[in-house]
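Novice: One line per chain: the protein sequences are G and S, in this order.
By my numbering, the letter at position 70 of the first sequence is numbered 70, and the numbering carries on one by one without gaps.
By my numbering, the letter at position 41 of the second sequence is numbered 381, and the numbering carries on one by one without gaps.
All C-beta atoms, glycine included, are put in the ideal place defined by N, C-alpha and C.
Number of protein chains: 2
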Amino acid sequence: MKIAVDAMGGDYAPSIVVDGVAQALVEFPEIEEIVLVGHLDKIAYYLEKNNIANDPRLSLVHANSVVEMKESSTLALRGKKDSSITTCAKLLKEKRVSAIVSAGHTGAAVASTKVITRTLPGINRPAIAATLPGREGYFIVVDAGANTDCEPINLAQFAIMGEAYAHYFFGISNPRIGLLSVGGEDIKGNELTKETFKLLSDMPINFVGNVEGDSIFEGICDVVVCDGFMGNVVLKGTEGLAKAVLHWMKDVFTRNPVRKAGAMMARNAFKDLKAIGDADEFGGAPLLGIDGTCIIGHGGSSAKAVKNAIKVAADFVKYRLNDRIISRIQEAQLPESEQE
Amino acid sequence: MKIAVDAMGGDYAPSIVVDGVAQALVEFPEIEEIVLVGHLDKIAYYLEKNNIANDPRLSLVHANSVVEMKESSTLALRGKKDSSITTCAKLLKEKRVSAIVSAGHTGAAVASTKVITRTLPGINRPAIAATLPGREGYFIVVDAGANTDCEPINLAQFAIMGEAYAHYFFGISNPRIGLLSVGGEDIKGNELTKETFKLLSDMPINFVGNVEGDSIFEGICDVVVCDGFMGNVVLKGTEGLAKAVLHWMKDVFTRNPVRKAGAMMARNAFKDLKAIGDADEFGGAPLLGIDGTCIIGHGGSSAKAVKNAIKVAADFVKYRLNDRIISRIQEAQLPESEQE
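1) Give the straight-line distance between the Cα atoms of residue 210 of chain G and residue 43 of chain G, rounded to the nearest whole angstrom.
2) Judging by CA-CA distance, which residue of G:53, G:185, G:212, G:222 is the nearest neighbour of residue 170 of chain G?
3) Quick one, are the C-beta atoms of residue 277 of chain G and residue 119 of chain G less than 8 Å apart?
4) Kindly give me the distance between the Cβ atoms of residue 518 of chain S and residue 564 of chain S, rounded to whole angstroms, as I take these residues to be in contact under 8 Å.
5) Restricting to runs no shorter than 3 residues, where is the beta strand (DSSP E) found entirely within the stretch 445-492 of chain S?
6) Using a Cβ-Cβ distance cut-off of 8 Å, determine whether residue 555 of chain S contacts chain G.
7) Report all residues from its chain with a CB closer than 7 Å to the CB of residue 102 of chain G; omit the five preceding and five following residues, and keep chain order.
8) Here's a check: name, in chain order, each residue in its chain whose Cβ is nearer than 7 Å to the Cβ of residue 317 of chain G, leaving out the five neighbours to either side.
9) So what's residue 371 of chain S in DSSP terms, helix, strand or just coil?
10) Compare the Cα-Cα distances from residue 359 of chain S to each of S:556, S:391, S:672 and report the closest residue.
11) Just to confirm, is the Cβ distance from residue 107 of chain G to residue 73 of chain G under 8 Å?
12) If you drop the 5 nearest sequence neighbours on each side, which residues of the same chain put their C-beta closer than 6 Å to that of residue 155 of chain G?
13) Is there a Cβ from chain S that is less than 8 Å from the Cβ of residue 229 of chain G?
14) Identify the contact partners of residue 70 of chain G in chain S, using a Cβ-Cβ distance below 8 Å as the criterion.
15) Alpha carbon to alpha carbon, how far is residue 598 of chain S from residue 659 of chain S?
16) Just by C-beta distance, which residues in the stretch 168-201 of chain G are closer than 7 Å to chain S?
17) Cα separation between residue 136 of chain G and residue 219 of chain G?
18) Tell me the rounded alpha-carbon separation between residue 529 of chain S and residue 521 of chain S.
19) For residue 131 of chain G and chain S, any beta-carbon pair shorter than 8 Å?
20) Can you name the start and end residues of the alpha helix (DSSP H) that residue 428 of chain S belongs to?
21) To the nearest whole angstrom, what separates the beta carbons of residue 642 of chain S and residue 356 of chain S, a pair I think is in contact under 8 Å?
22) Quick one: complete alpha helix (DSSP H) runs, 4+ long, within the stretch 581-651 of chain S?
23) How long is the line joining the alpha carbons of residue 300 of chain G and residue 12 of chain G, rounded to whole angstroms?
24) Go ahead and pull the three-state DSSP assignment for residue 13 of chain G.
25) Which residues in chain S have a C-beta closer than 7 Å to the C-beta of residue 245 of chain G? List them in chain order.
26) Using C-beta distances below 6 Å, list every residue in its chain close to residue 253 of chain G, excluding the 5 sequence neighbours before and after it, in chain order.
27) Quick check on residue 681 of chain S: buried or exposed, where buried means 16 or more other Cβ atoms within 10 Å of its Cβ?
28) For chain S, find out if any of its Cβ atoms is closer than 8 Å to the Cβ of residue 238 of chain G; answer yes or no.
29) On the premise that residue 580 of chain S lies in contact with residue 215 of chain G, defined as a C-beta separation below 8 Å, what is that separation, rounded to the nearest angstrom?
30) Please confirm whether any heavy atom of the ligand ATP lies closer than 7 Å to the CB of residue 67 of chain G.
31) Give the straight-line distance between the Cα atoms of residue 151 of chain G and residue 205 of chain G, rounded to the nearest whole angstrom.
32) Could you tell me if residue 567 of chain S is buried or exposed, where buried requires 16 or more neighbouring beta carbons within 10 angstroms of its beta carbon?
33) Please return the same chain residues whose Cβ sits closer than 6 Å to the Cβ of residue 664 of chain S, not counting the five positions on each side in sequence.
34) Around the C-beta of residue 54 of chain G, are 16 or more other C-beta atoms found within 10 angstroms, so that it is buried, or is it exposed?
35) Just mark residue 575 of chain S as buried or exposed, buried being the case when its beta carbon has 16 or more other beta carbons within 10 Å.
36) With distances taken from CA atoms, which of S:480, S:621, S:466 is nearest residue 489 of chain S?
What follows is the structure, given as structure tokens:
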């Protein structure tokens, strides 16, 4: 089990990333080796600080540049062949490592792995699987942002990958697959979802039909299938609204001394509430469909989030998720696609 | 000021709708006449109950059928020519009333008014303008569900209509218009938003560029422009997550007696929090771009929501919103569209 970590990815890189790697080295003895990829001059200090510079389970690979958040991923892929994320994708391609972890530019991680590492047989495009909190537990959204424009065949493949992930990673038997749309009835939706609905209905999966923006938070299904534009807006919208709610709570619970005292008494309730949506616990979302494992962390990842993303990567490899996806795709016998 | 109300629209129709009309008759003396449209046998009891059967400001128009939530709006429009919503659309077309209010089948309201009442000059498709709560106050989403598939020109028209609504209805001077997308940078988005971005950049509006799922809740703009599929998912997703949060709060604040006591002390804070997202306060969302006023209520509208929707209809007429939209559309000199 060897895992490469993009030391330069994320808002607080490389400092926080190295901290997370140091924690992972201690907590996960089953990981044979972590390969830290980044500008060696820039990470040296943090290696010393964490006292891992001479750790026998840590290797270093130099990468000269980093893809900045404002850059176009396609241009970056062409112009920065020596970036930390493309270097990670190459290590994965060469089977030097079996998984990579990055909290950097999501589009660059998707483009690098898609172009350099390549996709699994039967998969045209990889998809991000994000986990969101619902009333009755968590649910998975695929695609949460890898593909802005999709064809029905892509969504059908996302459904299979999401199902395998829900089943073999989270242990959900016969996961319920829903298609994100604007009405529960078959006839409702846009051109993409209407076509996709037909495909999903014929597949050997537990397809529960169209699901709506509100019902996905009510436990109507385990996997929500949608294009990456939609999925990204849902993911970020959830984040934005959750932050707004915390802001309003602060406001309403401090309006007078009695409320303040009550809030103080129940302060652990606020902590529990915050924990429900704590992205750091998950650490990262897998990019499903790549021939190798790629875990994408939140840009604002903490050291704990980086550590947990490394754990997700290790589990993803351990559970042989890609073998599961390949065999489920074969079973589904989806129509062929000419899409590159 | 004459307003038609669809007595049969909504989950609790006709009972709740008639209650709302009765309240409106008392509270809004500026409304000259309310025309209640529905199956007269089915509403007679509720008119008596509310003691408005002989109210001189109330008229009744019989409609034989109602479009059920599960029906396709296009089929319903063809098959049920005597439904309550098509009857409302006809009254609006004939200028018998200047506004209509319905909490029934949204698609049927959109299709009926679009086909029977017709759109304003320069508008190809009407759009629903929904109001959502953000950290720094409310923001408007256009289109919140009228059009599942859109062209860039539609979104450009939505931007103009949303701007006029924000300015003349809510009094926001120079409203900031944002385009819902997956990245703040110009280069990001899907095919629809990339083309729309160019159109909006050239228009005489305060276009603030792409806005993301999280930033719309942080007060980044006053009007969020998107297609109706996207807008519907955002609107319903907000509703679903808000309900999930209330569910979690109930859970975490009742886990032990100390927390329960604290929550009891701060109980008015919970009430204030609920009030922030109370859809009943708004009552309804206007369908912008119709040659007349059409206010669409939430399916689960309470009597208060119906009353407030009638108030929104009256204000919409009073502020001459449609004249504003027509002149702003003329000023914008958008490219012509062949779209029906």
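Specialist: Reading off the structure:
1) As a working note, residue 210 of chain G is residue 210 in the first sequence. As a working note, residue 43 of chain G is residue 43 in the first sequence. One C-alpha to the other measures close to 48 Å.
2) The residue labelled residue 170 of chain G in the question sits at position 170 within the first sequence. Selected option, being the one with the closest Cα: G:222.
3) Position 277 of the first sequence holds residue 277 of chain G. Position 119 of the first sequence holds residue 119 of chain G. The answer is no: Cβ separation not under 8 Å.
4) The residue you call residue 518 of chain S lines up with position 178 of the second sequence. The residue you call residue 564 of chain S lines up with position 224 of the second sequence. Correct: roughly 5 Å between the Cβ atoms.
5) 467-474, 477-482
6) Counting from one through the second sequence, the residue named residue 555 of chain S turns up at place 215. Judged by the 8 Å Cβ criterion, residue 555 of chain S is in contact with chain G.
7) The residue you call residue 102 of chain G lines up with position 102 of the first sequence. If we look at residue 102 of chain G and ignore the five residues flanking it on each side, its Cβ neighbours are 6, 9, 85, 88, 109, 296, 297.
8) To locate residue 317 of chain G, count along the first sequence from 1; it is residue 317. So the qualifying residues of the chain are 1, 98, 99, 293.
9) Residue mapping note: residue 371 of chain S aligns to position 31 of the second sequence, counting from 1. It is coil, neither helix nor strand.
10) By 1-based counting over the second sequence, the position of residue 359 of chain S is 19. Per the Cα distances, S:391.
11) One-based indexing of the first sequence puts residue 107 of chain G at position 107. One-based indexing of the first sequence puts residue 73 of chain G at position 73. Cβ atoms of residue 107 of chain G and residue 73 of chain G: closer than 8 Å.
12) Residue mapping note: residue 155 of chain G aligns to position 155 of the first sequence, counting from 1. Cβ neighbours of residue 155 of chain G beyond the five flanking positions: 196, 225.
13) The residue you call residue 229 of chain G lines up with position 229 of the first sequence. So, interface residue.
14) Numbered from its first residue, the first sequence carries residue 70 of chain G at position 70. Near residue 70 of chain G (Cβ distances below 8 Å), the residues of chain S are 525.
15) On the second sequence, residue 598 of chain S is found 258 positions in, with the first residue counted as 1. On the second sequence, residue 659 of chain S is found 319 positions in, with the first residue counted as 1. Their Cα atoms are separated by approximately 52 Å.
16) 180, 182, 185, 187, 189, 190, 191
17) Your numbering for residue 136 of chain G matches position 136 in the first sequence. Your numbering for residue 219 of chain G matches position 219 in the first sequence. Residue 136 of chain G and residue 219 of chain G: Cα-Cα distance of roughly 5 Å.
18) Numbered from its first residue, the second sequence carries residue 529 of chain S at position 189. Numbered from its first residue, the second sequence carries residue 521 of chain S at position 181. Approximately 5 Å, taken between the alpha carbons.
19) By one-based count along the first sequence, residue 131 of chain G stands at place 131. It does not; no Cβ of chain S falls within 8 Å.
20) Translated into positions along the second sequence, residue 428 of chain S becomes position 88. Its alpha helix (DSSP H) spans residues 424-433.
21) Taking the second sequence and counting its residues from 1, one reaches residue 642 of chain S at position 302. Taking the second sequence and counting its residues from 1, one reaches residue 356 of chain S at position 16. Their Cβ separation, rounded to whole angstroms, is 6 Å, which keeps residue 642 of chain S and residue 356 of chain S in contact under 8 Å.
22) 597-605, 607-616, 619-622
23) Your numbering for residue 300 of chain G matches position 300 in the first sequence. Your numbering for residue 12 of chain G matches position 12 in the first sequence. Cα to Cα, the separation comes out at about 7 Å.
24) Within the first sequence, the letter at position 13 stands for residue 13 of chain G. The answer is coil: DSSP assigns residue 13 of chain G none of H, G, I, E or B.
25) Along the first sequence, one-based indexing puts residue 245 of chain G at 245. By Cβ distance, chain S contributes 585.
26) Here residue 253 of chain G is taken as the residue at index 253 of the first sequence, counted from 1. Contacts found: 259, 263.
27) Chain S is shown from 341 up to 680; residue 681 of chain S falls before or after that span and cannot be answered.
28) The residue you call residue 238 of chain G lines up with position 238 of the first sequence. Judged by the 8 Å Cβ criterion, residue 238 of chain G is in contact with chain S.
29) Residue mapping note: residue 215 of chain G aligns to position 215 of the first sequence, counting from 1. Residue mapping note: residue 580 of chain S aligns to position 240 of the second sequence, counting from 1. Indeed they touch by this definition, with Cβ atoms about 7 Å apart.
30) Absence of the ligand ATP is noted for the structure shown, with no ligands found whatsoever.
31) Reading the first sequence from its first residue, position 151 is the one you call residue 151 of chain G. Reading the first sequence from its first residue, position 205 is the one you call residue 205 of chain G. Roughly 19 Å separates the two Cα atoms.
32) For the purposes of this step, residue 567 of chain S is identified with residue 227 of the second sequence, where counting begins at 1. It counts as buried.
33) On the second sequence, position 324 is the one that residue 664 of chain S refers to. Correct list, in chain order: 504, 508.
34) Here residue 54 of chain G corresponds to residue number 54 of the first sequence, with the count starting at 1. Exposed.
35) Taking the first residue of the second sequence as 1, we reach residue 575 of chain S at position 235. Per the 10 Å Cβ criterion, buried.
36) As a working note, residue 489 of chain S is residue 149 in the second sequence. Taking only the C-alpha atoms, the option nearest residue 489 of chain S is S:466.
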